[in-house]
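Structure first, commentary second.
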Amino acid sequence: MRNLMSKAFVALAITTVAAFGADNSIGTWKLNVEKSKFTPGPFPVKSLTTVRESISGGVKMTNTGARTDGTPINASVTLKYDGTAVAVTGTGAPYDTVAVKQVDANTFTSETKKNTGPYHGTARTVISKDGKTMTTTTKGTDGDGKPFTSTLVYDKQ
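Just so we're aligned: the sequence shown equals residues 24 to 180 in this note's numbering.
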């Protein structure tokens with residue numbers, strides 16, 4: 024009986040590690056502007072493609088696109104899923120640091136901040152069960168210090 028319990032515990036531990044080690048966000052995602060929302064409007068992004076590449080214990084994210092005012096978006100960050108804030112390089116993002124934690128293979132939480140301004144956001148990203156849609160819901164304070172909410176819907180490419 025003791026041997027059976029030990030084997031069950033080991034199997035559970037291996038399954039748990041495998042589940043948390045998976046990352047279904049890896050790949051190329053294109054923002055679906057029609058399905059996305061930003062309050063208060065207007066929606067600030069014209070186009071956005073996010074490429075998520077796996078690294079040990081985390082992800083390298085590269086965002087390219089354009090804001091509605093014509094400002095190009097070309098930003099990237101490489102981070103671990105440990106909740107530690109990491110600097111974002113490039114242009115077009117309203118924040119300059121991001122921290123991400125992985126909840127499970129399909130769910131992530133993040134915090135974004137602008138170190139020299141009032142921008143601050145907390146978000147939850149969920150990958151659909153079929154792996155074709157990624158939705159990020161954010162609440163926070165924009166660059167002018169006003170509250171905002173957004174729901175960004177991405178389609179897997």
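Heads up, the beta-carbon is just placed ideally off N, CA and C, and yes, glycines get one too. Remember, it's a predicted structure, so these values are computed and weren't measured experimentally.
query: What residue from 88, 74, 167 and 105 has the CA that sits closest to residue 180's CA?
result: As a working mapping, residue 180 is identified with position 157 in the sequence shown. The candidate whose alpha carbon is nearest that of residue 180 is 74.
query: Can you tell me the Cα-Cα spacing of residue 159 and residue 148, whole angstroms?
result: Start at 1 with the first residue of the sequence shown, and residue 159 comes out as number 136. Start at 1 with the first residue of the sequence shown, and residue 148 comes out as number 125. Answer to the nearest angstrom: the Cα atoms are 4 Å apart.
field: C-alpha gap between residue 153 and residue 174, whole angstroms
entry: As a working mapping, residue 153 is identified with position 130 in the sequence shown. As a working mapping, residue 174 is identified with position 151 in the sequence shown. Going by the C-alpha atoms only, they are around 19 Å apart.
Option in 46, 176 and 161 with minimal Cα separation from residue 62: On the sequence shown, residue 62 is found 39 positions in, with the first residue counted as 1. Here the closest residue by C-alpha is 161.
message: Across the segment 87-103 and the segment 134-144, are there enough close Cβ pairs to call them in contact, namely three or more that are closer than 8 Å?
response: Verdict: no, contact absent.
- prompt: Under the rule that 16 or more other beta-carbon atoms within 10 Å means buried, what is residue 43, buried or exposed?
  reply: Here residue 43 corresponds to residue number 20 of the sequence shown, with the count starting at 1. Unreliable positioning characterises residue 43 in this predicted model, as indicated by a pLDDT of 46, which lies under 50. A coordinate reading is not provided.
message: Tell me the rounded alpha-carbon separation between residue 125 and residue 91.
response: Along the sequence shown, one-based indexing puts residue 125 at 102. Along the sequence shown, one-based indexing puts residue 91 at 68. Using only the alpha carbons, I get a separation of about 31 Å.
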